[in-house]
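**Student:** Structure provided below as structure tokens; questions to follow.
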Amino acid sequence: MQIWLNYLDQILIMTTLGLSLNVLLGYTGQVSVASAAFGAIGGYTMGYLVTKNSVNIIWTLLLSLALALIVGALIALVAMRLSVEYLILLTLAFGNVLIGVASATPALGSTYGIIKINSEPHELNFFGWTMARPVDWLLPLFVVLLITFFICWRMGESAYGRTLKGIREDPVATRSMGKNTFKIQIMVFAITSALTAVAGAMNAGWLGVSTPSVWGFNFSLTVVAIVIFGGMANLKGTLIGGFILTALDPFLRRVIKMDPAKAFLVQILIYGVLLVVLVMVRPAGLMPEGRTVSSFFRRKDKSGRTEMIARTASTAEPVFATRKSEGAADQATRHAKWEQAEVVLEAKGISKSFGGIVAAADLDFVLKKGTITALVGPNGAGKTTVFNLLTGNIPPDSGSVTLRGKNITGRSLDAAARQGLVRSFQDVRLFQRLTCLENVVFGVQNQAGEKLSTLFGRPGLVKANDKASYEKAMEWLTFVGMQDFANVPAGALSYGQTKLISLARVLSTEAEVVLLDEPASGIDTKWVDNMLDLVLAIAAQGRTVAIVEHNLRVVTELADHAYFMELGRITAEGTIDDLTNSPRLAAAYFGTV
Amino acid sequence: MFAVTIGREIFAQLTANGLFRGTSYGLLGAGFALILGVTGRFHFAYGLTYTLAAYFAFTLHARGTWAGPFSNGIPFIIAGIIGILASSVVGVGIERFIYRPIAKRAGATALLAIFIAALGLGIAGQSLISLLWGQQSVGFYDRGNHLTKVGWRLWKVTFENLDVIQSITSITLIIVFSLILRFTPLGRQMRATRVNPDLATIIGINSKRIYLTCFFIGTLFCAVSAFWYGLQYTVNPDMGARPVITAFVVAFLAGTASSPIRIFLTGVALALLEQWLSMFISTQWTQTAVFVVLFVYLISKSMSGTILGRQVKSIVTFQWARS
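Sequence lines, in order, name chains A and B.
The working numbering puts the first residue of the first sequence at 1, with every later residue one more than the last.
The working numbering puts the first residue of the second sequence at 1, with every later residue one more than the last.
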């Protein structure tokens with residue numbers, strides 16, 4: 001009986017570790033193999049404190065938590081600025097360093113590690129409750145599991161979690177919606193590290209030892225296997241995965257009666273093979289993202305749902321508000337209006353070169369309130385680069401960008417978005433696995449559920465705010481005529497439809513200045529007019545719009561003012577007619593015919 | 001006076017150790033960097049192919065073929081060459097039958113998916129080797145006594161003949177590979193694929209074939225390294241764990257897109273550092289110290305190009321411009 005309770009304890013520990021890794025790996029898409037290392041921080045803290053004197057384990061848990069929080073934040077601070085490979089490298093290296101340090105430190109038992117954590121003469125207690133037998137551990141472990149599950153679930157299945165998924169799907173697009181991905185990534189890494197350390201401390205206490213071999217590479221691998229097997233970004237899957245994979249050991253040893261040394265190897269072999277096969281055959285794992293336990297057993301549900309989605313996506317049409325051109329005013333009138341309008345964004349002397357290639361040379365221009373400004377020019381003139389430079393996605397070498405008198409030069413994409421300067425992308429960049437509505441609600445600024453303090457501190461506020469955010473998003477979805485697609489994953493849309501969702505996503509930020517990169521290219525010709533109406537409507541709301549567009553008809557109908565770019569320079573400005581009537585510019589644009 | 005003499009001797013010995021070991025680090029790093037740099041696969045199973053090379057060679061030499069003239073064992077050198085090639089073929093097979101389908105399916109998240117598969121592969125392979133050959137180290141030496149250890153001494157520095165042969169093989173491989181990369185059409189195609197895979201495909205380079213070639217060459221490097229390591233030290237199922245980390249560190253320190261010579265020299269520098277450090281700190285800490293170097297490098301790398309880094313830089317240039 002004691003043996004089986006022991007296994008149950010182990011299941012609880014491994015599952016707890018799986019939960020926190022899933023937030024990192026499944027939701028945020030950050031590959032870490034440092035479960036063992038952060039577990040070791042907890043384990044050694046527990047061992048060191050306990051073998052010095054008998055203590056209430058709550059203190060060791062809190063200390064482990066604090067230590068891992070700091071170390072995790074430091075590692076993330078370095079890794080998150082670099083490309084993804086570096087996080088793998090750093091977590092691998094960190095594991096090695098930590099075990100190396102522990103093995104070389106006499107106070108931590110050197111290569112033998114700390115033993116007898118939970119046996120004579122030491123004694124663990126939890127507010128006076130002695131924890132000696134497996135059964136004593138059951139309740140505390142269960143409590144730790146519950147708390148970890150609650151924290152992970154709250155982080156993952158909320159507005160916060162939506163941002164995490166955004167980071168996984170497309171960090172650049174996430175930043176363009178005003179989310180400080182860097183800060184969030186550090187927070188998530190630190191928090192999951194801290195949770196891992198707490199579970200690690202419990203593991204060392206329960207096991208009674210904390211040795212270099214306990215925190216070896218196989219430990220991390222087991223946790224990764226639990227997450228992948230259970231299903232990424234599905235915490236309930238991790239519960240199941242943790243149970244099944246940890247129960248493999250007693251199954252091999254007690255049921256099949258394999259000898260312990262061999263059973264261990266077979267177990268690791270199975271984990272390894274499982275990882276390879278799952279990634280190849282069923283990358284979503286046992287419980288794919290968004291799947292609930294009950295729907296797992298109702299197989300019809302799945303096919304029905306996909307069928308419904310497919311049907312909606314293929315037959316539904318966007319519902320556009322009426323209006324076919326009450327006739328945009330003629331160009332001269334519009335340009336006169338532009339002359340009068342107030343300057344919102346001003347760029348002065350912006351330059352950028354990549355190696356020897358000059359992408360932007362000494363650009364000066366202004367965007368004015370309630371007007372539409374177009375950037376036109378041949379391919380490779382640097383039009384999209386201008387958007388990148390304005391938003392700080394690429395910092396300019398020199399020059400300045402001011403938004404309502406505030407200098408925003410070369411900040412970051414997300415900082416610009418929070419200041420009210422938001423861009424769309426030529427290649428759209430929707431979050432494929434999120435639904436249309438989720439994509440649009442992504443843009444809503446200052447959501448209560450995006451801040452950890454309110455997420456955990458004021459659940460009522462978060463709930464109300466979520467509802468309001470979704471209502472707002474639905475309004476914008478309706479504005480672009482895509483309300484019937486609210487629950488369709490963005491990945492199932494046609495190209496033209498993605499352009500509409502992308503527009504709604506930009507609008508939901510309620511930014512004062514919107515930069516639209518080719519809003520009408522690649523969409524169905526019969527929708528072009530509707531797209532024109534939408535852009536005009538945006539300007540009519542008093543927003544400042546800049547567009548890059550190749551379709552001359554679109555530009556002619558929309559632009560109040562236009563800048564002509566050639567090879568990174570602005571060579572002319574005026575109305576579109578002014579530009580198209582110049583033989584030299586026409587030749588530069590269309591080529592000599 | 002006496003202390004200084006001792007110091008000089010130790011320094012010379014450590015330098016020699018570092019140089020010999022460094023050629024192996026360099027080769028490992030160059031192989032891994034070739035794979036990661038050109039194909040973008042985070043090939044954690046690199047350590048598995050390392051171990052396999054030694055086990056293949058061992059089995060062929062100790063057990064031989066089922067029948068025929070070699071039923072008592074294939075001569076050591078030949079067994080070694082076959083083992084190295086067989087392991088390289090395994091490397092190619094991993095790319096062809098595991099990584100490629102995964103990359104195709106995973107799309108944007110291919111790096112993550114491939115790393116996880118590679119992780120599983122590496123650990124499953126290691127367990128399988130333990131189950132088949134046992135967890136203890138195997139007797140990896142030339143039973144025909146053609147290739148045996150001989151201790152040499154130059155001034156006050158001692159080393160083995162195998163150190164020298166190992167280093168010569170590594171240097172030769174790196175030089176030949178550099179020449180291939182620089183002067184042959186294959187080399188140009190590899191470099192083109194490394195810089196821009198999409199563009200390379202457009203101009204008619206068969207990137208699938210280039211990937212397979214990179215896996216062959218990369219695995220060959222690690223297999224050669226494993227052969228000499230096995231002969232000098234031990235062959236056991238977890239012998240690949242350390243080299244794979246070493247290869248990562250060397251490749252990332254040098255930059256995965258760097259020339260093989262540069263990566264090789266980074267490996268040598270790292271090994272020298274590791275050896276020299278042992279004059280000041282106990283050997284248990286030298287490994288850790290190497291990782292500290294890595295952390296410092298990554299911190300400096302992460303600082304450049306960031307807002308903070310830019311600010312520091314701009315303040316410096318600003319002040320310089322004013323003065």
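Idealized CB from N, CA, C, for every residue including glycine.
Since this is a predicted model, take the numbers as computed values, not measurements.
Hey, quick one: how far does the alpha helix (DSSP H) through Y50 (chain B) stretch, first residue to last?
**Tutor:** Per DSSP, Y50 (chain B) belongs to the alpha helix (DSSP H) from Y46 to A62.
**Student:** Where DSSP assigns a beta bridge to T326 (chain B), which residues make up the other side?
**Tutor:** No answer is possible for residue 326 (chain B): the residues shown for chain B start at 1 and end at 323.
**Student:** I need the straight-line Cα distance from G83 (chain B) to A73 (chain A), nearest angstrom please.
**Tutor:** If I take the Cα positions, the gap works out to 45 Å.
**Student:** At which residues does the alpha helix (DSSP H) containing H550 (chain A) begin and terminate?
**Tutor:** Element bounds for H550 (chain A): n/a, residue is neither H nor E.
**Student:** Show which residues of chain A have a CB atom less than 8 Å away from the CB atom of S130 (chain B).
**Tutor:** Those are L265, listed as they occur along chain A.
**Student:** Can you name the residues of chain A whose CB is closer than 9 Å to the CB of W285 (chain B)?
**Tutor:** Residues of chain A passing the Cβ test: G100, V101 and A104.
**Student:** Helix, strand or coil: how does DSSP classify D238 (chain B) here?
**Tutor:** Coil at D238 (chain B), not helix or strand.
**Student:** Please name the residue, chosen from A:L239, A:Y48, A:V255 and A:Q2, that lies closest to T211 (chain A) on a Cα-to-Cα basis.
**Tutor:** Minimum Cα distance to T211 (chain A) is reached at A:Y48.
**Student:** Taking a Cβ distance cut-off of 7 Å, strictly less, list which residues of the region 110-123 of chain B are near chain A, in chain order.
**Tutor:** Answer in chain order: L111, L112, A113, F115, I116, A117, L119, G120, L121 and I123.
**Student:** Express the C-alpha separation of I261 (chain B) and I175 (chain B) in angstroms, rounding to a whole number.
**Tutor:** I175 (chain B) and I261 (chain B): Cα-Cα distance of roughly 7 Å.
**Student:** Quick check on the burial criterion: 16 or more other C-beta atoms within 10 angstroms. Buried or exposed for K116 (chain A)?
**Tutor:** Counting Cβ neighbours within 10 Å, K116 (chain A) comes out exposed, since fewer than 16 surround it.
**Student:** Counting C-beta neighbours from all protein chains within 10 Å, is the total for A562 (chain A) 16 or more, i.e. buried, or is it exposed?
**Tutor:** Burial call: buried.
**Student:** What is the residue span of the alpha helix (DSSP H) that W137 (chain A) lies within?
**Tutor:** P134 to G156 is the extent of the alpha helix (DSSP H) around W137 (chain A).
**Student:** So, at 7 Å on beta carbons, what are the nonlocal neighbours of F58 (chain B) in its own chain, with the 5 sequence-adjacent residues on each side left out?
**Tutor:** These residues qualify, in order along the chain: V138, F140 and V235.
**Student:** Check each candidate in A:A247, A:L145 and A:R162 and name the one with the smallest Cα separation from L17 (chain A).
**Tutor:** Nearest option by C-alpha distance: A:L145.
**Student:** Pull the bridge partners of I357 (chain A) from the DSSP assignment, please.
**Tutor:** Partner(s): A:F354.
**Student:** Just grab the DSSP bridge partners of K368 (chain A) for me.
**Tutor:** For K368 (chain A), which the question treats as bridged, DSSP gives the partners A:V343.
**Student:** Just mark Y297 (chain B) as buried or exposed, buried being the case when its beta carbon has 16 or more other beta carbons within 10 Å.
**Tutor:** Classification of Y297 (chain B): exposed, given that the 10 Å Cβ count is below 16.
**Student:** Could you tell me whether any Cβ in chain A is nearer than 9 Å to the Cβ of I202 (chain B)?
**Tutor:** Closer than 9 Å: no.
**Student:** In three-state terms, what does DSSP make of H146 (chain B)?
**Tutor:** In the structure shown, H146 (chain B) sits in coil (DSSP, three-state: anything other than H, G, I, E or B).
**Student:** Within its chain, find whatever has a CB closer than 8 Å to the CB of I165 (chain B); leave out the 5 residues flanking it on each side and keep chain order.
**Tutor:** The residues are W228.
**Student:** So the candidates are A:E510, A:G542, A:V506 and A:Y495; which of them puts its Cα closest to the Cα of A520 (chain A)?
**Tutor:** Cα-wise, what sits closest to A520 (chain A) is A:Y495.
**Student:** Between V514 (chain A) and V555 (chain A), which are expected to be in contact by the criterion C-beta below 8 Å, what is the C-beta distance as a whole number of angstroms?
**Tutor:** In fact, because the Cβ distance is near 16 Å, the residues do not count as touching under 8 Å.
**Student:** Between which two residues does the beta strand (DSSP E) containing R562 (chain A) stretch?
**Tutor:** Looking at the sequence shown, residue 562 (chain A) is not Arg but Ala. Its beta strand (DSSP E) spans residues H561 to E566.
**Student:** Specify the secondary structure class of A374 (chain A) as computed by DSSP and reduced to three states.
**Tutor:** Strand.
**Student:** Please name the residues in the region 59-89 of chain A whose beta-carbon is closer than 7 Å to at least one beta-carbon of chain B, in chain order.
**Tutor:** Residues passing the 7 Å Cβ filter: V78, R81, L82, V84, E85, Y86, I88 and L89.
**Student:** Just to confirm the assignment: which complete beta strand (DSSP E) runs, minimum length 3, are found wholly within the region 398-431 of chain A?
**Tutor:** You should have 398-403 and 421-423.
**Student:** Which runs of the alpha helix (DSSP H) at least 4 residues long sit entirely within the region 174-218 of chain A? Give them in chain order.
**Tutor:** Here the runs fully enclosed are 181-207.
**Student:** Please state whether DSSP places V55 (chain A) in a helix, a strand or coil.
**Tutor:** In this structure, V55 (chain A) counts as coil in the three-state DSSP scheme.
**Student:** Just how far apart, CA to CA, sit Q135 (chain B) and A417 (chain A)?
**Tutor:** Their backbone Cα atoms lie some 57 Å apart in a straight line.
**Student:** Could you check the C-alpha separation between N118 (chain A) and L207 (chain A) for me, to the nearest Å?
**Tutor:** If I take the Cα positions, the gap works out to 8 Å.
**Student:** Any idea what DSSP makes of A572 (chain A), helix, strand or coil?
**Tutor:** Strand, per DSSP.
**Student:** Could you spell out where the beta strand (DSSP E) holding V514 (chain A) opens and where it closes?
**Tutor:** Segment V513 to D517, the beta strand (DSSP E) holding V514 (chain A).
**Student:** Taking 6 Å as the limit between beta carbons, can you name the residues of its chain near V559 (chain A), skipping five residues before and five after?
**Tutor:** The sequence shown places Ala at residue 559 (chain A), rather than the Val named in the question. The answer, listed in chain order, is I372, A374 and I576.
**Student:** If you reduce the DSSP assignment to three classes, tell me which class P75 (chain B) lands in.
**Tutor:** P75 (chain B) falls in the coil class under three-state DSSP.
**Student:** Compare the C-beta of Q135 (chain B) with all C-beta atoms of chain A and state if any pair is closer than 9 Å.
**Tutor:** So, interface residue.
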